[in-house]
Amino acid sequence: MITKFCATSLLRLRKVYILEGKDITVIFKTKKGEKIALNNVSVNISNNENISIIGESGSGKTTLSLVLAGVQKPNKGNVLYNGKNVYKLKGKEYKEFRRSVQYIMQNPYSAFNPFRKVSDSFKTVISEYKLAKGNEADNLIDKYLQMVGLDESIKTKYPHQLSGGQLQRAALARALLLKPKILFADEVVSMLDASLRIDIINLLKEIRETYNISIILITHDIGIAKYFSEDRGRIIVMYDGKIIEEGYAEEIIKSPKNEYTKLLLESYLDPFR
0 MITKFCATSL
10 LRLRKVYILE
20 GKDITVIFKT
30 KKGEKIALNN
40 VSVNISNNEN
50 ISIIGESGSG
60 KTTLSLVLAG
70 VQKPNKGNVL
80 YNGKNVYKLK
90 GKEYKEFRRS
100 VQYIMQNPYS
110 AFNPFRKVSD
120 SFKTVISEYK
130 LAKGNEADNL
140 IDKYLQMVGL
150 DESIKTKYPH
160 QLSGGQLQRA
170 ALARALLLKP
180 KILFADEVVS
190 MLDASLRIDI
200 INLLKEIRET
210 YNISIILITH
220 DIGIAKYFSE
230 DRGRIIVMYD
240 GKIIEEGYAE
250 EIIKSPKNEY
260 TKLLLESYLD
270 PFR
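Just so we're aligned, residue 0 is where the sequence shown starts under numbering that gives the first Met the number 0, counting upward by one.
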């Protein structure tokens, strides 16, 4: 009886991961030969996590996020969603994964068909996942646009008629339609004016806290990572296809162990000015 109790207690104490990347290696072929984009990288994501992945261009941060989101297949290693290999999922299980793990790109204009109204993009998602029909679909679009601080009138506009900030919010609203468990936000403020950056980051923080979504922010800016993950979030620092430092944001900011992380912090500028 004692043995059974201890075993059960240990199982409860184990952290449950909803998304796991195990020993991931990605190799791209270029004109100059092979480029190792990711070199034996492992990452775990739990429910309602706040994670910033930071690194310079070419560090592997975007490639890692694409692999974890099931977009880029690794040469080696596995990605597990609720313990199952993402690249072997089929039918309903694959569709559930695609619904639960959403991705917002750096350039919001590339995320929308320039020849279709914003509402059409939303309705495609609503129809594919059978979320609503007719007036209910319109009401659902209005609800999520309002959730991210947009007026419902923008749904009748074309992407080029919106600012970068408005379109990025629209992309976020469209992703939230599916009530994801994990949201990857790849350099989502890098193309925005400084005055708009803090608004988007604050919105992401608010959404995570309100809807218990794990949000993984990919950025080259240590200041943005610091601000986003300051509330017991994690920071993952990448360089040359590897994770060189990882831990709670507060610990990394105050006591970085890797020299590259120290250099990032020394070059820190307020990203919201």
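The beta-carbon is built from N, C-alpha and C at its ideal position, and this holds for glycine as well.
Going by beta carbons, PHE121 and ARG196 fall outside the 7 Å limit.
In this structure, the alpha-carbon of LEU191 lies about 18 Å from that of PHE183. Between the C-alpha atoms of TYR143 and TYR16 there is a straight-line separation of about 28 Å.
In the three-state DSSP reduction, MET237 falls in the strand class (E or B).
Of the other Cβ atoms in all chains shown, fewer than 16 fall within 10 Å of the Cβ of ASP119; this residue is therefore exposed.
Straight through space, the alpha carbons of ASN138 and GLN145 are spaced by roughly 11 Å. Boundaries of the alpha helix (DSSP H) around LYS225: 221-227. When secondary structure is reduced to three states using DSSP, TYR247 falls in the strand class. Residue pairing by DSSP puts PHE27 in a beta bridge opposite LYS34. The C-beta distance from ALA224 to SER51 rounds to 4 Å, short enough to meet the 8 Å contact threshold. When the alpha-carbon of GLN167 is set against those of GLU127, ASP198, SER41 and ILE234, the nearest one is in ASP198. For the options SER266, TYR267 and GLU245, the alpha carbon positioned closest to that of ASN257 is the one of GLU245.
For THR155, there is no enclosing beta strand (DSSP E), as DSSP marks it with neither H nor E. Rounded to whole angstroms, the Cβ separation of TYR238 and TYR259 is 5 Å, and the two are in contact under 8 Å.
Taking a 10 Å sphere around the C-beta of ALA248, we find 16 or more other C-beta atoms and assign the residue as buried.
Collapsing the DSSP output to three states places ASP22 in a strand. A check of alpha carbon separations from LYS204 across LYS87, ASP230, SER194 and ALA193 identifies ASP230 as the nearest.
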